[in-house]
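Following my numbering, the numbering of the sequence shown begins with 428 at its first residue and continues without gaps.
Backbone N, C-alpha and C define an ideal beta-carbon position, used for all residues, glycine too.
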Amino acid sequence: MEHELSLETLLQHLGEETPFPYGAVTPPIVQTTLFTAPSLRLRTEQKGLNDAGYVYTRESNPTVRLAEQKLAALEGTEDALCFASGMAAIASAILAFTRTGDHVICVESAYPPTRMLLESWLARYGVQVSFIEGKCTEEFERALQPNTRMIYLESPSSMVFHLQDLRAVSELARARGILTLCDNSWATPIFQNPYALGVDLVLHSASKYLGGHSDLLAGVVAGRREHIEQVRETRSLLGGVLEPFGGWLLVRGLRTLPVRMERAHASGLQVAEWLAAQPPIARVNHPGLPSHPQHALARQQMRGYGSLFSFETRPITAENAYAFADRLRLFRFGCSWGGYESLLLGWAQGESEPAPWLFRIYIGLENPSDLIRDLQDALPALTP
Ligand SMILES: Cc1ncc(COP(=O)(O)O)c(C=O)c1O
Numbered sequence: 428m429e430h431e432l433s434l435e436t437l438l439q440h441l442g443e444e445t446p447f448p449y450g451a452v453t454p455p456i457v458q459t460t461l462f463t464a465p466s467l468r469l470r471t472e473q474k475g476l477n478d479a480g481y482v483y484t485r486e487s488n489p490t491v492r493l494a495e496q497k498l499a500a501l502e503g504t505e506d507a508l509c510f511a512s513g514m515a516a517i518a519s520a521i522l523a524f525t526r527t528g529d530h531v532i533c534v535e536s537a538y539p540p541t542r543m544l545l546e547s548w549l550a551r552y553g554v555q556v557s558f559i560e561g562k563c564t565e566e567f568e569r570a571l572q573p574n575t576r577m578i579y580l581e582s583p584s585s586m587v588f589h590l591q592d593l594r595a596v597s598e599l600a601r602a603r604g605i606l607t608l609c610d611n612s613w614a615t616p617i618f619q620n621p622y623a624l625g626v627d628l629v630l631h632s633a634s635k636y637l638g639g640h641s642d643l644l645a646g647v648v649a650g651r652r653e654h655i656e657q658v659r660e661t662r663s664l665l666g667g668v669l670e671p672f673g674g675w676l677l678v679r680g681l682r683t684l685p686v687r688m689e690r691a692h693a694s695g696l697q698v699a700e701w702l703a704a705q706p707p708i709a710r711v712n713h714p715g716l717p718s719h720p721q722h723a724l725a726r727q728q729m730r731g732y733g734s735l736f737s738f739e740t741r742p743i744t745a746e747n748a749y750a751f752a753d754r755l756r757l758f759r760f761g762c763s764w765g766g767y768e769s770l771l772l773g774w775a776q777g778e779s780e781p782a783p784w785l786f787r788i789y790i791g792l793e794n795p796s797d798l799i800r801d802l803q804d805a806l807p808a809l810t811p
């Protein structure tokens with residue numbers, strides 16, 4: 428290639444150099460569990476199994492492999508693996524590298540099932556975990572133990588959108604032979620590449636932006652070949668592999684990822700800035716706002732922002748909160764994010780009433796002016 432291709436172009440062409448059968452522009456869904464050899468001799472001697480060496484889809488499959496090649500290119504890693512869900516990816520990566528007696532440091536605002544896996548499930552196998560806020564690197568240093576084996580990061584983290592200094596924490600870990608993992612679902616490889624900042628393994632729930640249409644459950648682990656081989660073995664044993672149709676949906680989602688993220692960045696910021704100026708709103712937690720305490724770090728380690736964030740109200744009653752939600756016409760109420768549709772969730776931040784509420788909001792691909800008008804119509808309900 429005479430000149431370096433841009434990411435958007437590379438994304439479409441990588442792994443597609445040989446035309447698909449019939450000149451099709453989308454990849455074939457190789458919907459098979461089994462790949463056979465032309466003779467028993469070749470099968471037994473493990474030679475000439477078939478051109479690409481595929482054996483069984485739990486190990487590898489051409490449709491899924493195409494998604495993996497593109498994901499490795501996007502994250503700038505040597506290789507990547509796809510899983511049946513984000514949690515299958517996270518669990519396989521953690522289990523591949525922890526042993527009885529190990530200690531793990533994890534950010535306390537990590538995705539709650541990740542926390543639960545480390546806290547309740549791995550404890551059964553004698554793995555200890557320390558949860559820290561993780562906003563400053565010294566906290567990681569203080570939490571280190573002689574048996575610390577892994578540091579688990581999620582930047583920005585779920586619900587509160589705290590950041591960790593990925594470069595500084597990775598340096599600290601690498602100097603001590605500690606493995607670093609980072610959930611990059613929020614920023615996506617379009618806006619943040621933890622591997623380039625020194626993180627060993629990059630994790631994704633591809634059920635969010637990467638798939639992009641709320642119709643795919645998938646996960647990704649990306650990193651150095653040597654690490655990926657260890658995770659591949661764990662994936663094969665635990666069986667949480669992505670199936671071929673999921674691989675195809677993921678490739679389809681990746682084709683539009685850069686344009687969707689450009690829109691997510693702009694719309695998310697527009698709504699966040701508007702919300703921050705509304706009297707019933709006490710605070711907006713969005714790393715792209717200058718008011719975010721880690722905005723400088725966000726600008727340093729990210730090139731743009733996802734459109735999932737949270738905001739806190741002044742003290743209100745549950746009736747205020749539900750009336751606000753009932754007035755919204757363009758938002759739905761549900762826990763995932765990263766698809767077309769805008770979403771909202773909310774929780775009281777105290778037992779007694781009135782109490783401040785924390786709302787998590789996801790700005791989808793609708794016109795942001797329509798979303799702002801919808802919020803504007805509903806906002807009076809938040810004034811007690
Ligand atoms: C930040 C984050 N990581 C991981 C996951 C888990 O992904 P999945 O639902 O695909 O298992 C989620 C899902 O909501 C998430 O929000």
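In this structure, what does DSSP give as the bridge partners for residue 719? DSSP lists no partner for residue 719.
For residue 734 versus residue 703, is the C-beta spacing smaller than 7 Å? no
Cβ-based burial, residue 730 [other Cβ within 10 Å; buried from 16]: With fewer than 16 other CB atoms across the displayed protein chains lying within 10 angstroms of its CB, residue 730 is exposed.
In terms of alpha-carbon separation, which member of 616, 519, 778 and 581 lies closest to residue 498? 616
Are residue 635 and residue 777 closer than 7 Å when you measure CB to CB? no
On the three-pair Cβ rule with 8 Å, is the segment 557-572 touching the segment 521-538? yes
For residue 829 and residue 718, which I take to be in contact (beta-carbon distance under 8 Å), what is that distance rounded to the nearest angstrom? With the chain covering 428 to 811 only, the question about residue 829 has no answer from this structure.
Assuming residue 510 contacts residue 646 (C-beta within less than 8 Å), just tell me the rounded distance between them. That belief holds up - the Cβ atoms of residue 510 and residue 646 are roughly 4 Å apart, short of 8 Å.
Which residues share a DSSP beta bridge with residue 631? 647
Should residue 666 be listed as close to ligand 1, given that the test is whether its C-beta is under 6 Å from any heavy atom? no
Separation of residue 502 from residue 438, as counted between CA atoms: Residue 438 and residue 502 have their C-alpha atoms roughly 11 Å apart.
Find the nearest neighbour of residue 643 within the set 678, 654 and 652, judged by alpha-carbon distance. It is 678.
Counting pairs of Cβ atoms below 8 Å between the segment 484-494 and the segment 665-672, do you hit three or more? yes
Closer than 6 Å to a non-hydrogen atom of ligand 1 - does that hold for the CB of residue 513? yes
Take the Cβ of residue 428 as the centre, count every other Cβ of all protein chains shown within 10 Å, and call the residue buried at 16 or more, exposed below. Reliability fails at residue 428, whose pLDDT of 43 lies under 50, so the model's placement of it is uncertain and no value is given.
Unbroken stretches of the beta strand (DSSP E), 3 residues or longer, contained in the segment 740-808: 770-775 and 784-789
Just the Cα atoms here: how many angstroms apart are residue 631 and residue 790? 19 Å
Is it true that the segment 619-631 meets the segment 457-473, where meeting means three or more beta-carbon pairs spaced less than 8 Å apart? no
Nearest-angstrom Cα distance between residue 541 and residue 450? 43 Å
On a Cα-Cα basis, can you pick out the residue from 604, 627, 585 and 579 that is closest to residue 397? Nothing about residue 397 can be read from this structure; the chain reaches only from 428 to 811.
Using the Cα positions of residue 628 and residue 525, report the straight-line distance between them to the nearest angstrom. 14 Å
Count the other C-beta atoms from every protein chain shown that fall within 10 angstroms of the C-beta of residue 543, then say buried if there are 16 or more, exposed otherwise. exposed
What is the residue span of the beta strand (DSSP E) that residue 814 lies within? This structure cannot speak to residue 814, because the chain is shown only from 428 to 811.
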